[in-house]
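Residue numbers (the numbering used here): 1174 to 1314. From the three backbone atoms N, C-alpha and C, an ideal C-beta is built for every residue, glycine too. Read through the structure below, which is laid out as structure tokens, and then see the notes.
Okay, structure coming up:
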């Protein structure tokens, strides 16, 4: 199967590549099926593209790359909803906002994306933790 994205081009995928977000994402609740796409393995940026609306696309980064102490609270309920036994079995990402001046890019640490690749299921957490912001600067200075 293929989807066409105006910037990323043609993305080929199999049905078992699709990650389902049963609860959707904040602000995009009706879109539940996404692909993770990396243009180059050396690029830390991963694109999460909606299968049902390819124009809906989110740049993602592993938050540990720019915030090594990042440790959001993942509850037993979160683990259960993701069919995971422990947080280590999950991939974690932050949605990135890339501005015209890329040095000003920010990441949403208050709404991390958790993905269980084995079961192809994902969830966006909503953290009520003052340590984390929705606009955490990725680069200092």
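- Residue pairing by DSSP places residue 1310 opposite 1279 in a beta bridge.
- In this structure, DSSP gives residue 1185 an extended state, which the three-state scheme calls strand.
- Per DSSP, reduced to three states, the secondary structure at residue 1237 is helical.
- Per DSSP, the continuous alpha helix (DSSP H) segment holding residue 1253 begins and ends at 1249–1254.
- With respect to the 9 Å criterion, residue 1284 and residue 1272 are not classified as neighbours on the basis of their beta carbons.
- Taking the C-beta atoms as reference points, residue 1301 is found no nearer than 9 Å to residue 1239.
- By the criterion of a C-beta distance shorter than 7 Å, residue 1243 is surrounded in its chain by 1236, 1237, 1282, once the five residues flanking it on both sides are discounted.
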